[in-house]
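Written out below as structure tokens is the structure these notes cover.
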Amino acid sequence: MSIDEQEIYREVRSAIADTLRISAQQVTPDALLFHELGAASLDFVDIEFRLETHFGIELYHGSAVDRIAELLAPQLLEEQGVLTPFGARVLRKRMPEVPLERLQPGQPAAGIEHRFTARTFLRAVAEVLKARPRLCPRCSGLDLVIARPSVLLCQSCGTEVRCPTGEDCLQQWVADFAADDKERAADAA
Ligand SMILES: [Zn+2]
901 MSIDEQEIYR EVRSAIADTL RISAQQVTPD ALLFHELGAA SLDFVDIEFR
951 LETHFGIELY HGSAVDRIAE LLAPQLLEEQ GVLTPFGARV LRKRMPEVPL
1001 ERLQPGQPAA GIEHRFTART FLRAVAEVLK ARPRLCPRCS GLDLVIARPS
1051 VLLCQSCGTE VRCPTGEDCL QQWVADFAAD DKERAADAA
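Reminder that position 62 of the sequence shown reads as 962 in the working numbering, one-by-one numbering, no gaps.
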């Protein structure tokens, strides 16, 4: 983990520990939140809310897998309830923190949250923070503070700077994936 990631991870770890009422030591980067730490679906809402408040960001709410499937249609991520080879490829790229054996073609497509770990939240937060502007587009000032979710305020000139949301980042990721995948297919042909 980079220094930035370590900082995000610390917050992710305490958000998970506090929500699940366990000690922070029990939360390791790769522990499965459902099966090993006893999380329920509703806990994810609380963990997300806490991270959004802390970092002044908006994560993608709802099923990212459904949204990705929608954006990549008509290519199918799942067929008859199981991951297609394409679906496995997409999700492996999107969720590099999940061991490959948990994202195999033919495995059940539902229950992706059963593969979530602290690293899943770390990745989601890091993606949105990375997309944030570093300097003010008007005065190039570097002193940007959180005004409200997804909005920074330039302390030098008072300009409000909009930041990409989780939804924006997800769309961008899918666009990049599709372009890359097309290129690879063309190279293979
Ligand atoms: Zn400014």
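Glycine residues also receive a C-beta, built at the ideal position from the N, C-alpha and C atoms.
Just to check, is the beta-carbon of residue i closer than 7 Å to a non-hydrogen atom of ligand 1?
| i | result |
| --- | --- |
| Thr1065 | no |
| Thr1059 | yes |
| Arg859 | A question about residue 859 goes unanswered here, because the residues of the chain that appear run from 901 up to 1089. |
| Ser1056 | yes |
| Gly1041 | yes |
Locate the beta strand (DSSP E) running through residue i, then write down its first and last residues.
| i | result |
| --- | --- |
| Glu936 | Where Glu936 is concerned, there is no enclosing beta strand (DSSP E), given that its DSSP letter is neither H nor E. |
Spatial neighbours of residue i within its chain, please: C-beta separation below 8 Å, excluding the five flanking residues on both sides.
| i | result |
| --- | --- |
| Gly938 | Leu920 and Ile922 |
| Leu977 | Val965, Ile968, Ala969, Leu983, Thr984, Phe986, Gly987, Val990, Leu991 and Ala1009 |
When DSSP labels each residue in this structure, what does residue i get in the three-state scheme?
| i | result |
| --- | --- |
| Glu997 | coil |
| Pro1005 | coil |
| Val990 | helix |
| Arg1062 | strand |
| Val982 | strand |
| Ala1089 | coil |
| Ala1075 | helix |
| Ser923 | coil |
Report all residues from its chain with a CB closer than 6 Å to the CB of residue i; omit the five preceding and five following residues, and keep chain order.
| i | result |
| --- | --- |
| Ile957 | Val1028 |
| Leu991 | Leu1003 |
Along the chain, where does the alpha helix (DSSP H) containing residue i start, and where does it finish?
| i | result |
| --- | --- |
| Ile908 | Ile903 to Leu920 |
Ignore the nearest five residues each way along the sequence and tell me which others in residue i's own chain have a CB closer than 7 Å to its CB.
| i | result |
| --- | --- |
| Phe1021 | Val912, Ile947 and Leu951 |
Quick check on the DSSP output: what are the complete beta strand (DSSP E) runs of length 3 or more inside the stretch 1013-1059, in order along the chain?
Within the stretch 1013-1059, the complete beta strand (DSSP E) runs of at least 3 residues are 1044-1048 and 1051-1054.
Segments assigned alpha helix (DSSP H), at least 4 residues, entirely inside the stretch 946-977:
For the stretch 946-977, the full-length alpha helix (DSSP H) segments reaching 4 residues or more read 964-972 along the chain.
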